[in-house]
Amino acid sequence: MATLKLTLFHTRTTAQWADLVFGKQIEKGNAFLRPYGIQFDRYPATGSIELDWTFPLTPNGRVDPGLKERLQMRDLANRTYYSADNRLPVILCQIGGAGGGEAPGSIGMKLNYLPWVIMDAFTLNEDGLTLTHEAGHCAGLKHPGAPPLQDPRLMVGDAAVTDNVMAYGTFDYATQKIAPRSLVEPWQIEAYRSAYFHSA
Ligand SMILES: [Zn+2]
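Mapping to this note's numbering: the sequence shown position 191 is 212, numbers consecutive.
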């Protein structure tokens, strides 16, 4: 079984939710990736590493002050626990506004660190695949749409393939909920297999 190696962090203010969020994200991601022979390999094996950080991030991470905050948080993670074996840092925190997940340093963004994941503790997609989606960005995968920053292979005509793991899920009017994402393409699996945090 190939692995995607993770190092898990949480901020002090999200400590009490960390086990629940990481547990769900890893379980759902593993179920999604298992048919392709890929599983997450987490460090630590239980729990996560606490960062001495309390304030919520400013929503837009592409420009200051949001970008500066994300780099400060990444620096703090590096000082708190550093490993040389190419693990993907995943930081549970609070992101003001829309929240969700982000992958700083990935698509169209070159920073002084390899791409990493930050996740808001309170606004994640219910399907539990946010970590898998953001790890996809860190492996170079893009959302459906027009090149160069989006991927036309995830479009059918003008419509996005919303059930794909790199989309946002399909809104179901009957239940007023977003249905779980269920699709991944062979070339996307290849991207995960070529990620810096992949281990054969
Ligand atoms: Zn995304």
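We treat Cβ as the ideally placed atom computed from N, Cα and C, and that holds for glycine. Remember, predicted model here, so these are calculated numbers, not experimental data.
So the candidates are Val84, Gln37 and Asn185; which of them puts its Cα closest to the Cα of Trp208?
If we check each option's Cα against that of Trp208, Asn185 comes out closest.
So the beta strand (DSSP E) Thr75 belongs to, where does it begin and stop?
Counting along the chain, Thr75 sits inside no beta strand (DSSP E), nor does DSSP assign it H or E at all.
With H, G and I counted as helix, E and B as strand and the rest as coil, what does DSSP make of Tyr57?
Correct three-state label for Tyr57: helix.
In the DSSP output, which residue or residues are listed as bridge partners for Glu123?
Assignment of beta-bridge partners to Glu123 by DSSP yields Ile139.
Any heavy atom of ligand 1 closer than 7 Å to the beta-carbon of His154?
Yes, the beta carbon of His154 sits closer than 7 Å to at least one heavy atom of ligand 1.
In angstroms with no decimal places, state the Cα-to-Cα distance between Pro110 and Thr196.
The C-alpha of Thr196 is placed about 35 Å away from the C-alpha of Pro110.
Assign Lys49 to one of three DSSP states: helix, strand, or coil.
Assigned with DSSP and collapsed to three states, Lys49 falls in helix.
Alpha carbon to alpha carbon, what distance is there between Glu155 and Leu162?
Roughly 9 Å separates the two Cα atoms.
How many angstroms separate the CA atom of Gln46 from the CA atom of Leu152?
Just so you know, the alpha carbons of Gln46 and Leu152 end up roughly 6 Å apart.
For my contact list, Ile70 and Leu135 are in at a C-beta cut-off of 8 Å; report their separation, rounded to the angstrom.
Contact check for Ile70 and Leu135: beta-carbon distance about 18 Å, past the 8 Å limit, so the pair fails to qualify.
Since His158 and Ala124 are thought to touch, with beta carbons under 8 Å apart, how far apart are those beta carbons, to the nearest angstrom?
The C-beta separation of His158 from Ala124 comes to about 4 Å, placing the pair in contact by the 8 Å criterion.
Residues of its chain near Gly166, where Cβ-Cβ distance is below 8 Å and the 5 sequence neighbours each way are ignored
Within the same chain, Gly166 has close Cβ partners Asp172, Pro173, Leu175, Met176 and Ala181.
On the criterion of 16 or more Cβ atoms from any shown chain inside 10 Å, does Lys89 qualify as buried, or is it exposed?
With a 10 Å radius around the Cβ and a threshold of 16 neighbouring Cβ atoms, Lys89 comes out exposed.
What residue from Thr183, Gly117, Thr75 and Tyr64 has the CA that sits closest to Met94's CA?
Looking at the Cα atoms, Thr75 is the closest of the given residues.
Examine ligand 1 and report whether any of its heavy atoms sits within less than 7 Å of the Cβ of His219.
His219: no, Cβ never under 7 Å from ligand 1.
I'd like the span of the alpha helix (DSSP H) that includes Ile210, first residue to last.
First-last of the alpha helix (DSSP H) with Ile210: Pro207 to Arg214.
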